[in-house]
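Numbering (our numbering), first residue to last: 2 to 73.
Yeah, the Cβ is synthetic: ideal placement off N, Cα and C, and Gly gets one too.
Below is one structure; the comments refer to it alone.
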């Protein structure tokens, strides 16, 4: 039987999708404009939350896995 992934291992697995998620977020903003806020439920590594904040969007993310940054 395989051991479950630790939160750190799970985040590492999700990192492969970060660039794709950022590209989707940028495409959305280009098509519809910047939203005033963003709630990312199941944010994983919080790539989209971090990008949104860099774009001055009020953003917060929540996920079941533990994050190193307490407000994401």
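Any heavy atom of the ligand PLP closer than 7 Å to the CB of residue i?
{"i": "residue 35", "result": "In the structure on display, the ligand PLP does not appear, and there are no ligands present to speak of."}
Which partner residues of residue i appear in the DSSP bridge assignment?
{"i": "residue 38", "result": "59"}
Got a sec? Which residues, its chain only, sit under 7 Å from residue i by beta carbon, not counting five neighbours each side?
{"i": "residue 1", "result": "Given a span of 2 to 73 for the chain in the structure shown, any question on residue 1 remains unanswerable."}
Apart from the five residues on each side of it in sequence, which residues of its chain come closer than 6 Å, Cβ to Cβ, to residue i?
{"i": "residue 66", "result": "8, 11"}
Determine the direct distance from the alpha carbon of residue j to that of residue i, and round the result to whole angstroms.
{"i": "residue 37", "j": "residue 59", "result": "6 Å"}
{"i": "residue 5", "j": "residue 62", "result": "23 Å"}
{"i": "residue 46", "j": "residue 57", "result": "19 Å"}
{"i": "residue 54", "j": "residue 18", "result": "18 Å"}
{"i": "residue 28", "j": "residue 14", "result": "24 Å"}
{"i": "residue 48", "j": "residue 22", "result": "7 Å"}
{"i": "residue 30", "j": "residue 41", "result": "15 Å"}
{"i": "residue 26", "j": "residue 3", "result": "34 Å"}
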